[in-house]
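Numbering (this note's numbering), first residue to last: 4 to 457.
As structure tokens, then:
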């Protein structure tokens, strides 16, 4: 015979176990909510009690008469995504005014920024033109190298120049890239020298004219330009670096003027700011001017090094000094420095604009997070079948226990306890709610950024 007393005792023990499990679950859930509130996550109150039909649900397992009443399972507001299609409407978020005025302001800012950048560049180029004209007009004050000779002993022959006054005359050779000038020749010394106080056209002024004039003052004499040595090295330097870099520099100046006029015409014809193309070509010109100016600077430094170290000017009977054309080097470097300042101004303006846009996005995101909180929950453990429609419930009828009326089936018929199923169900609903809210927040943020024109 069946011992009904033992069965009743087992049922009572099962009911007491369910009560303890429910009490433990309630305490755990409240502690988790307090932790979420401290972390400013604030999970929705209705997440744990969304009315969704679940296979092996709790309502079919609990006895109606023997279990103490619990919290209501069906809330007034459901957190299921299909019941809250657009939660931003319930949050009543204040929307920034939008429309064609907002788009017009955004386009106007882009046009103004591009026009300011183009105008700054154009004014810079226009300011360079008078400077270039003045430099060409006063090119005599911009020598590439300056070589000065002084007669150290009275009556000594100074190359092809003879110091007749007993004190020695000073001669200055100003070397340019395409010619050279001699100054300081005394009037009475004209009969003793083949050099006059004037300028002479010469591409290799240093190696073909000046050093041969001073050759007789060196002990031993300098080698000829066609013989391997420092003189030939100087000729190769001027041939490889000086003339190509100088000619390319002049061509780049005219191309820069043409580029400025082309971009002004392009903007006026299309009405569209071409910022990336403008910055690319401007950077290319800046790098080109910097490279050409660096080549000429290297040529000047290397020439002085060869004259002072390889040739050793101290072996001459004359006191020979060599100086670089500092003003000339300053002017050729000034062009690319001015263009680089234009790039810095444009880049700084763009950086400030991006920073403001980033701050606006962060402010919008914080506003949306405070308006509609996003629940951070760990991933769901286990597998739970969720039925959202009556058809799905009927299709899973064989796995459901709705047809059972005996309360013992809910405890003894399944290995998974009811409070574990409820915990899995809650995690599943929270994950669905989180994904839905995150998608709607991203869509709302993109929409607002388009309205603000950021």
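Glycine included, C-beta positions come from ideal geometry on N, C-alpha and C. None of these values were measured; they are calculated from a predicted model.
{"Item": "Neighbour-count burial assignment, residue 273, 16 or more Cβ in a 10 Å radius", "Value": "exposed"}
{"Item": "Contact the region 141–155 vs the region 294–311: 3+ CB pairs below 8 Å", "Value": "yes"}
{"Item": "Residue 368 versus residue 431 - alpha carbon distance", "Value": "26 Å"}
{"Item": "Inter-residue Cα distance where the pair is residue 19 and residue 29", "Value": "15 Å"}
{"Item": "Cross-strand partners of residue 177 (DSSP beta bridge)", "Value": "149, 184"}
{"Item": "Best match in 210, 425, 433, 131 for proximity to residue 306 [C-alpha to C-alpha]", "Value": "210"}
{"Item": "Spatial distance of residue 178 from residue 218 (CA atoms)", "Value": "17 Å"}
{"Item": "Extent of the continuous alpha helix (DSSP H) run through residue 299", "Value": "278–308"}
{"Item": "Backbone CA spacing between residue 331 and residue 143 [nearest angstrom]", "Value": "10 Å"}
{"Item": "Residue range of the unbroken beta strand (DSSP E) whose run includes residue 326", "Value": "321–327"}
{"Item": "The region 252–265 in contact with the region 127–138 per 3-pair CB rule at 8 Å", "Value": "yes"}
{"Item": "Contact belief for residue 138 with residue 314 at Cβ below 8 Å, rounded distance in angstroms", "Value": "Between residue 314 and residue 138 the Cβ distance is about 31 Å, and since that is not below 8 Å, they are no contact."}
{"Item": "Identified DSSP bridge partners for residue 204", "Value": "182"}
{"Item": "At least 3 beta-carbon pairs within less than 8 Å: the region 279–286 vs the region 337–354", "Value": "yes"}
{"Item": "Meets three-Cβ-pair contact criterion under 8 Å: the region 285–298 and the region 241–260", "Value": "yes"}
{"Item": "Distance CB(residue 182)-CB(residue 207) smaller than 8 Å", "Value": "no"}
{"Item": "Whole-Å CB distance - residue 292 paired with residue 338, under 8 Å assumed", "Value": "5 Å"}
{"Item": "Per-residue DSSP class, three states only, for residue 154", "Value": "strand"}
{"Item": "Whole-angstrom C-beta distance between residue 295 and residue 251, which should lie under 8 Å", "Value": "6 Å"}
{"Item": "Residues near residue 244 by beta carbon distance below 6 Å, same chain, minus five either side", "Value": "298, 302"}
{"Item": "CB-CB length for residue 321 against residue 153, believed under 8 Å", "Value": "6 Å"}
{"Item": "Inter-residue Cα distance where the pair is residue 427 and residue 433", "Value": "10 Å"}
{"Item": "Status (buried if at least 16 other CB within 10 Å, exposed otherwise) for residue 453", "Value": "exposed"}
{"Item": "Neighbour-count burial assignment, residue 234, 16 or more Cβ in a 10 Å radius", "Value": "buried"}
{"Item": "Nearest residue (CA-CA) to residue 238, options 213, 224, 223", "Value": "213"}
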